[in-house]
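In our numbering, the protein residues as written are 3 to 427.
Structure, as structure tokens:
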RNA sequence: GGAGAGUUGGCAGAGUGGUCGAAUGCGGCGGUCUCGAAAACCGUUGUCGUCGUAAGACGAUCGGAGGUUCAAAUCCUCCACUCUCCGCCA
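Right, here's the structure in full:
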């Protein structure tokens with residue numbers, strides 16, 4: 003969330019952000035509410051002050067063994083009046099708190115303004131694979147190789163779930179290990195393995211709630227949520243904590259399954275592995291000082307890109323436009339790998355700087371050395387990378403004329419040196 | 001799942017209805033002493049908010065949310081978490 007005082011003092015900036023994001027949100031209404039709140043607050047606070055004084059006086063009278071009757075009567079009156087105003091104030095505060103949580107982050111000034119068609123391709127890597135045969139789509143490949151069984155996954159759970167089999171399952175595990183190894187050994191991340199279920203406070207902390215509740219799997223009896231991304235548990239590691247300046251930056255990487263209801267997206271990418279309710283992902287999360295967060299974003303993107311490069315997958319990097327940017331982010335790059343079988347660019351990574359937006363919600367601060375000052379950290383995260391779609395890209399890019407799939411060299415050490423995916427026995 | 005005990009400032013730990021934002025100890029910071037350091041002594045030491053140019057004044061905060069009361073760290077209810085015992089269990 004944004005700081006209320008910041009909003010108050012920078013209303014034009016916030017209004018521009020809302021406009022650039024194409025959001026209809028009545029900021030004036032929120033500002034009116036804030037003014038009302040502050041008016042009530044002053045009144046309540048001065049009454050409380052009176053009340054505190056009266057209370058002290060009663061204490062003094064009691065100690066001196068004098069009569070307190072009169073004082074108690076007058077304090078009762080103050081108390082009643084205070085109570086009434088406090089009730090009104092708390093209603094206003096509740097409404098205001100809710101509304102503030104619906105204000106998105108301010109897009110960074112470098113972003114293209116407009117809808118997704120304005121996303122800017124900032125660079126590309128690799129070349130389109132040439133085939134001397136007609137490349138198959140991943141849906142055909144997983145069937146013929148018998149490495150992923152979608153009908154049975156649907157039987158077990160429902161549509162858009164995945165059952166990996168044999169080399170399919172091994173490929174998945176190899177990818178996870180390969181990515182974690184690269185990030186921990188080469189990029190300086192510490193591996194963490196967090197819970198896959200989180201509470202409401204964590205979901206609010208990273209910004210999934212209150213806005214996206216219907217997109218989340220929720221366990222009603224416990225009011226817990228299945229994580230849509232490791233970003234949620236990992237960022238919340240430091241919720242309500244004050245970090246030491248010298249501890250920053252902190253780099254974490256985590257493998258988790260990710261669960262998404264994808265409510266309202268029926269009919270879109272419903273076949274195959276592109277849009278599924280559960281997928282594996284290796285995520286990178288950073289906690290950094292504000293002054294370095296944009297440099298850290300570039301490094302984060304490079305870390306994700308290196309995964310795709312090592313896998314030999316053609317990809318491009320898109321800087322998201324203001325309307326394509328997620329609620330909590332101020333700047334985001336998407337990595338899109340090319341899938342020649344279906345002829346599509348697949349979003350396999352999303353790397354964002356949230357500045358202090360999440361840190362403010364989750365209350366993650368750090369103490370600057372030599373000062374008493376507490377500052378919010380900046381948080382970033384990026385997929386490094388998301389798996390189901392990466393599997394699609396690998397299968398479609400590395401397929402051979404005989405219907406087998408070559409295994410990218412970087413993965414072979416994780417697959418006992420195996421070179422090719424052939425039909426599952 | 002059942003029974004019991006807890007949750008207080010950076011930490012330890014007192015406080016069971018009224019000058020309690022909270023004793024005391026440790027730690028941190030500043031100072032005295034010292035060539036320097038240690039020890040000792042003195043002082044200081046949370047966070048958030050409102051008003052204010054500022055100095056500052058005031059308010060909130062004793063796990064969270066409600067309630068009782070003129071008044072709550074203290075009493076009551078619910079919830080979360082921690083510990084002990086029992087049950088179940090990968």
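By construction, the Cβ of each residue, glycine as well, lies at the ideal position given by its N, Cα and C atoms.
From a predicted model like this one, the values you see are computed outputs, not experimental measurements.
The shortest CA-to-CA distance from residue 391 to any of 360, 343 and 117 is the one to 343.
Taking 8 Å as the cut-off, the beta carbon of residue 261 is found closer than this to the beta carbon of residue 230. By the Cβ rule, the region 288-304 counts as touching the region 350-362, because three or more pairs are nearer than 8 Å. In the DSSP assignment, residue 312 falls outside any beta strand (DSSP E) and lies within the alpha helix (DSSP H) extending over 295-312.
Annotation for residue 190: 253 place their beta carbon closer than 7 Å to its own, counting only its chain and skipping 5 residues before and after. 118 is the residue among 31, 118, 72 and 180 whose C-alpha sits nearest the C-alpha of residue 322.
With fewer than 16 other Cβ atoms from the protein chains shown falling within 10 Å of its own Cβ, residue 135 counts as exposed.
Spatial neighbours of residue 5 in its own chain (CB-CB distance under 7 Å, excluding positions within 5 residues in sequence) are listed in chain order as 362. The three-state reading of DSSP puts residue 111 in coil, since its state is none of H, G, I, E or B. DSSP, reduced to helix, strand and coil, places residue 27 outside both helices and strands of the structure shown, so it counts as coil. With respect to the 8 Å criterion, residue 332 and residue 140 are not classified as neighbours on the basis of their beta carbons. Counting C-beta atoms within 10 angstroms of its own C-beta, residue 282 has 16 or more neighbours from the protein chains shown and is therefore classed as buried. The residue from 186, 303, 150 and 218 with its alpha-carbon nearest to that of residue 172 is 150.
A direct Cα-to-Cα measurement between residue 242 and residue 167 gives close to 42 Å.
If you draw a straight line from the Cα of residue 208 to the Cα of residue 384, it comes to about 13 Å.
Going by beta carbons, residue 350 and residue 124 fall outside the 8 Å limit. Take residue 302, set aside five residues on each side of it, and the residues of its chain with a beta-carbon closer than 7 Å to its own are 286, 288, 353, 382 and 384, in chain order. No alpha helix (DSSP H) of 4 residues or more sits fully in the region 323-347.
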